[in-house]
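Student:
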Amino acid sequence: MMKLKITGLFFTAVMLFSGCSDKFLDLQDKQNLTESTFWATRQHALQGITATYGALQGYDGDKWTFFEQVYVTLAFKGDDIDNNKNEPYGKNLAAFVNSADESGPWSLWATCYTGIGRANQVIQKVPGITVMTEQERKEIVGEAKFLRAYNYFVLVNGFEHVPLVLEFVKDLDKLQVPQAPVADVWAQIEKDLTEAEAVLPESYASEYKGRATKGAAKALLAKTYLYQEKWAQAEAKFRELHGKYALNANYVDNFNGTKENGPESIFEIQWSGDRTVSDERHPFNFEGRPYALDGWEVFYPSDWVVAELKKDKTDAGEYSDRVYGNIFFDDPKSTMWDLNVPASQIPYSSVASDLSRPAYYNKYAYPNDRSGSYVGYNISLIRYADVLLMLAEAANENGKTDEAIGFVNEVRTRSHAKALAVGSMTKDQLREQIRHHERPVELAMEFGIRWFDLVRWGRGNTAKQAIKTVLQNHGKPFSSNYVEDKHIRYPIPLKEINTNPLLKQNNLY
1134 MMKLKITGLF
1144 FTAVMLFSGC
1154 SDKFLDLQDK
1164 QNLTESTFWA
1174 TRQHALQGIT
1184 ATYGALQGYD
1194 GDKWTFFEQV
1204 YVTLAFKGDD
1214 IDNNKNEPYG
1224 KNLAAFVNSA
1234 DESGPWSLWA
1244 TCYTGIGRAN
1254 QVIQKVPGIT
1264 VMTEQERKEI
1274 VGEAKFLRAY
1284 NYFVLVNGFE
1294 HVPLVLEFVK
1304 DLDKLQVPQA
1314 PVADVWAQIE
1324 KDLTEAEAVL
1334 PESYASEYKG
1344 RATKGAAKAL
1354 LAKTYLYQEK
1364 WAQAEAKFRE
1374 LHGKYALNAN
1384 YVDNFNGTKE
1394 NGPESIFEIQ
1404 WSGDRTVSDE
1414 RHPFNFEGRP
1424 YALDGWEVFY
1434 PSDWVVAELK
1444 KDKTDAGEYS
1454 DRVYGNIFFD
1464 DPKSTMWDLN
1474 VPASQIPYSS
1484 VASDLSRPAY
1494 YNKYAYPNDR
1504 SGSYVGYNIS
1514 LIRYADVLLM
1524 LAEAANENGK
1534 TDEAIGFVNE
1544 VRTRSHAKAL
1554 AVGSMTKDQL
1564 REQIRHHERP
1574 VELAMEFGIR
1584 WFDLVRWGRG
1594 NTAKQAIKTV
1604 LQNHGKPFSS
1614 NYVEDKHIRY
1624 PIPLKEINTN
1634 PLLKQNNLY
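The sequence shown begins at 1134 in my numbering and counts up one residue at a time.
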């Protein structure tokens, strides 16, 4: 497994202008390497692409920054999550009263442009390393293009109007560029992913597992088509993945560390687990856990998503596996790992009198997290179940409703949920089923997926849904504050506006 650890050369993102800046690799290290001498060997190329992957963990590489600012920014506006109203980084976003000076959107912006800057340097420098084979150079550049595309995908969906920086430059004047037309950003994402798909391998040797594959490029390219409502292209590209991956037999294995980079995984953020500092614990394991089990109750499942989960039943009328895998709730079978060493599974009934809410998220409640070592559980960005549901969505929009039901059933039956009857739904009915049951139930709380789903359905032309209406119908607290042409996108961070006069603020901020 490729746990991201850089040795020999210390990489850091140097802040020029964090937004449209290309952050570059600081090469003033003990080996006296400079930019001109660094990009000379295969090992240098591997270190450069590893640093580019590392940017996925946050602009500063700190897991608390990643969770409390990047994850919170992507997730807290969705209708599948609620918060305790005291969490400092996400409460204003969740209540739709955020300003342009919030730290969360800036951290997301800085994280993406850190990755873009590093990718640009790899794309520009690696082709000149002559001691590598041509195939090695092409693959590493392909990985960098995949990562650049992923970061622009997050930016264009989150902020919409963003600078398109495609070269590694250190001239401050060249770093101050205006926002690009949205269509140009989408076109560049497609171009990068098409080129990445052409050169990336199907798989890697075990020591490099976790790097972007041909399948990852296909999946993100298909998702890019889907988000633009290019239904035919999306369906065709998703079909290239059908049967190439497999669902884990157990739903919870996607989140408990036992199947990292496994059969269902298409692309994950790789987290190392070799730190030994006593407070280096996994944020997800504390932020969503109840006080009674040593958690902080920062966020929890919304009442709406709990209700949707409880509709997910087996043929025998019992709750499906993904109900228990997502929430800790008042049911005899519901348990949560405690944080003792060794850990035990605690029944809901044994702590019910000490709980303040009817349900808590159980998806990322890991065992053995308080042993004094950093727990390096990966975070999934693309998994096969998501691909199947997106394939079903595209096929349904292309008029293949019965076949689309089959794709949905592949996901449902893995968790022993009752299969939908073929022929039982119209195109419109299946669309609603996918949008407001299948996706939020299967993918609850997973790295901002729900919020970006709501955004694309709010921007699109196919059965367009006003986000405010959806939020209000689903009981989102403070949804009355939502302003349709404002909160659908994040503000351009104020510190970026202040340092780059060519940037224009998003509407109404």
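Glycine residues also receive a C-beta, built at the ideal position from the N, C-alpha and C atoms.
Note that the structure is a prediction, hence the values are computed from the model and not measured.
Would you kindly work out how many angstroms separate the C-alpha atoms of Asn1231 and Gln1321, rounded to a whole number?
Tutor: Straight-line Cα distance between these residues: approximately 30 Å.
Student: Rounded to a whole number of angstroms, what is the C-alpha to C-alpha distance between Val1588 and Thr1595?
Tutor: Near 13 Å, if we compare the C-alpha coordinates of Thr1595 and Val1588.
Student: Expressed to the nearest angstrom, what Euclidean distance is found between the alpha-carbon atoms of Phe1229 and Val1616?
Tutor: Rounded to whole angstroms, Phe1229 to Val1616 spans 8 Å at the Cα level.
Student: Pick out whichever of Tyr1452, Met1523, Ser1240, Leu1305 has its Cα sitting closest to the Cα of Gln1366.
Tutor: Answer by Cα proximity: Met1523.
Student: Under the three-state reduction of DSSP, which class applies to Tyr1642: helix, strand or coil?
Tutor: In the structure shown, Tyr1642 sits in coil (DSSP, three-state: anything other than H, G, I, E or B).
Student: Going by DSSP, what residue range makes up the beta strand (DSSP E) through Thr1266?
Tutor: Note, Thr1266: premise wrong, no beta strand (DSSP E); not H, not E.
Student: With C-beta atoms as the reference, is Leu1380 less than 8 Å away from Leu1354?
Tutor: Contact: no.
Student: Drop a sphere of 10 angstroms on the beta-carbon of Ala1599, count the other beta-carbons inside from all chains shown, and report buried for 16 or more, exposed for fewer.
Tutor: Classification of Ala1599: exposed, given that the 10 Å Cβ count is below 16.
Student: Could you give the DSSP three-state label for Glu1441: helix, strand or coil?
Tutor: Here Glu1441 sits in helix by DSSP.
Student: As a quick exercise: from Asp1535, His1570, Glu1571, Arg1547, pick the residue whose alpha carbon is nearest that of Ala1554.
Tutor: Nearest option by C-alpha distance: Asp1535.
Student: To which residues of the same chain is Ala1313 closer than 6 Å at the C-beta, ignoring the five residues directly before and after it?
Tutor: Within the same chain, Ala1313 has close Cβ partners Leu1297.
Student: Note the first and the last residue of the continuous beta strand (DSSP E) segment covering Ala1492.
Tutor: 1492-1494 is the span of the beta strand (DSSP E), which, as asked, contains Ala1492.
Student: To the nearest angstrom, report how far apart Arg1572 and Ala1178 are at their CA atoms.
Tutor: Roughly 38 Å between the two C-alpha positions.
Student: Residues in its own chain within less than 7 Å of Ala1527 by CB, not counting five upstream and five downstream?
Tutor: Answer for Ala1527: Leu1359, Trp1364, Ala1367, Glu1368, Phe1371, listed in chain order.
Student: In angstroms, rounded to a whole number, what distance separates the CA positions of Glu1235 and Lys1443?
Tutor: Answer to the nearest angstrom: the Cα atoms are 35 Å apart.
Student: Are the Cβ atoms of Leu1641 and Lys1609 separated by less than 8 Å?
Tutor: Not a contact, by the Cβ cut-off of 8 Å.
Student: Relative to the C-alpha of Ala1485, which residue among Pro1500, Met1469, Asn1473 is closest?
Tutor: Minimum Cα distance to Ala1485 is reached at Met1469.
Student: Under the three-state reduction of DSSP, which class applies to Gln1257: helix, strand or coil?
Tutor: Helix at Gln1257.
Student: Buried or exposed: which applies to Glu1335, given that a residue is buried once 16 or more other Cβ atoms fall within 10 Å of its Cβ?
Tutor: Result: exposed.
Student: Quick one: Cα of Lys1163 to Cα of Gln1180, how far?
Tutor: Model confidence at Lys1163 stands at a pLDDT of 45, short of 50, so the residue's coordinates are unreliable; what they give is reported in the following sentence. Distance between the alpha carbons of Lys1163 and Gln1180 is about 16 Å.
Student: Got a sec? Which residues, its chain only, sit under 6 Å from Ala1208 by beta carbon, not counting five neighbours each side?
Tutor: Answer for Ala1208: Ile1214, Gly1581, listed in chain order.
Student: Consult DSSP for Gln1131 and reduce its assignment to one of helix, strand or coil.
Tutor: The chain is shown only over 1134 to 1642; residue 1131 falls outside these bounds and no answer can be derived.
Student: Could you pull out every residue in the same chain whose Cβ sits closer than 7 Å to the Cβ of Ile1538, ignoring the five residues on either side in sequence?
Tutor: Around Ile1538: Leu1553, Val1555, Met1558, Leu1563.
Student: From Gln1566 to Thr1546, what does the alpha carbon distance come to, in whole angstroms?
Tutor: Using only the alpha carbons, I get a separation of about 16 Å.
Student: Skipping 5 residues on each side, what residues in its chain have a beta carbon closer than 8 Å to that of Ile1262?
Tutor: So the list reads Trp1172, Ala1173, Thr1174, Arg1175, His1177, Ala1178, Arg1270, once near-sequence residues are dropped.
Student: Rounded to whole angstroms, what is the Cα-Cα separation between Lys1446 and Lys1196?
Tutor: In a straight line, the C-alpha of Lys1446 is about 36 Å away from that of Lys1196.
Student: Kindly list the residues whose CB is nearer than 6 Å to the CB of Tyr1337, restricted to its own chain and excluding five residues on each side of it in sequence; keep chain order.
Tutor: Around Tyr1337: Arg1344.
Student: Please determine, among Trp1590, Ile1256, Asp1427, the residue with the shortest C-alpha to C-alpha distance to Glu1272.
Tutor: Among Trp1590, Ile1256, Asp1427, the Cα nearest to that of Glu1272 is on Ile1256.
Student: Can you tell me whether Ser1169 is buried or exposed? The criterion is at least 16 other CB atoms within 10 Å of its CB, across all chains shown.
Tutor: Classification for Ser1169: exposed.
Student: In chain order, what residues of the same chain have a beta carbon less than 6 Å from the beta carbon of Tyr1623, not counting five sequence neighbours either side?
Tutor: For Tyr1623, where only same-chain residues beyond five positions count, the Cβ hits under 6 Å are Pro1238, Gly1291, Phe1292.
Student: Closer than 7 Å by C-beta to Ala1349: which residues in its own chain qualify, once you throw out the five before and the five after it? Chain order, please.
Tutor: If we look at Ala1349 and ignore the five residues flanking it on each side, its Cβ neighbours are Phe1279, Ile1399, Phe1400, Ile1515.
Student: Going by Cα to Cα distance, which pick from Lys1392, Glu1397, Thr1391, Ser1339 is closest to Ala1352?
Tutor: When only C-alpha atoms are compared, the closest one is Glu1397.
Student: To the nearest angstrom, how far is it from the Cα of Glu1629 to the Cα of Ile1402?
Tutor: Rounded to whole angstroms, Glu1629 to Ile1402 spans 27 Å at the Cα level.
Student: If you measure between the beta carbons of Ser1240 and Thr1266, is that distance less than 8 Å?
Tutor: Not in contact: Ser1240 and Thr1266 (Cβ atoms no closer than 8 Å).
Student: Grouping DSSP H, G and I as helix and E and B as strand, with all else coil, what is Asn1511?
Tutor: Residue state, collapsed to three classes: coil.
Student: Count the other CB atoms within 10 Å of the CB of Glu1223; is the residue buried (16 or more) or exposed (fewer)?
Tutor: Here residue 1223 turns out to be Gly, not Glu, going by the sequence shown. Buried.
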